[in-house]
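The structure appears below as structure tokens.
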Amino acid sequence: MGAELDRSSVERAYARWAPVYDLVFGAVFDAGRRAAIAAAEHACGKDGGRILEVGVGTGISLPDYSPKNRLVGIDLSEPMLRKAHERVLEQRLINVEALAVMDAARMALPDRSFDVVVAQFVITAVPNPEGTLDEFARVIRPGGEIILVNHIGAEIGARRVFETCFAPIARKLGWRPEFRFGRLADWAERHGEVKVIEHRPMPPLGHFSLIRFRRLGDISS
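Residue numbers (my numbering): 10 to 230.
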């Protein structure tokens, strides 16, 4: 699996990037970000729902959600969240219920309290991806969705060679360039109460993927 990440290294990485994150990565991640928002809003339905965005960062996604949706954002990086708070105030995003510094692997949030969890470019940056996914599944209601947008490592070919060469830079961003889709599929199978419902390559050049899971169970419970 390669060298593991730890919480402090992730915090340091994003504290460094906070001042320029939107400028450097805003356009690069735009397609994936918009796809995640569209998937979340489709899952919530026409009347909207309650969405948790994990790794909300500077809040760059928040203005693009329909005001029908109620939003909660969490992030491990306090400097990134300060930017998100500024954005919420400046753009008067009254549908944002809360922004909080929180560890995605130990969320102080009630069970089954969200319709959708969105995590963009997060799951390969946390020390314990499977434990973090367990938390995502815990806080969504039956019938709800977990929506990930993330770099997923290529299995073979030129892209895998490129990713191997890019690995030292990727780790400075808090990413695991060797993270494969099979690890997510294996987690869903072991968990037993979620299933993969979509895995779609995203621009640029398929380096990122949209992955959707649905929480099983009685929706009326």
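Where is the CB? At the ideal position from N, CA and C, for every residue including glycine.
Rounded to whole angstroms, the separation of the alpha carbons of H51 and R59 is 12 Å. Between R150 and R121, the CB-CB gap stays under 8 Å.
When only Cα atoms are considered, H208 and L142 end up about 16 Å apart.
Within its own chain, the residues whose Cβ lies closer than 7 Å to the Cβ of P76, once the five positions on either side in sequence are excluded, are N104, listed in chain order.
F217 sits close to G41, with the two beta carbons spaced by under 8 Å. Per the C-alpha coordinates, the member of R223, D227 and A44 positioned closest to F130 is A44.
Under the DSSP definition of a beta bridge, I46 lacks any partner. The Cβ atoms of R224 and A146 lie closer than 8 Å to each other.
Residue nearest to L61 within the set E198, E87, V135 and G153 is G153 (criterion: CA-CA distance).
Judged by their CB atoms, V65 and G54 are not nearer to each other than the 8 Å cut-off. Distance check between T133 and each of K92, P119, P88 and A113 places A113 closest, using alpha-carbon atoms only. Here I156 really is in contact with V125; their C-beta atoms are around 6 Å apart, less than 8 Å. Contact annotation: L71 and V110 have beta-carbon atoms that are not nearer than 8 Å. I220 is positioned such that its CB atom lies no closer than 8 Å to that of V203. In summary, P119 is exposed, with fewer than 16 beta-carbon neighbours lying within 10 Å of its beta-carbon over all protein chains present.
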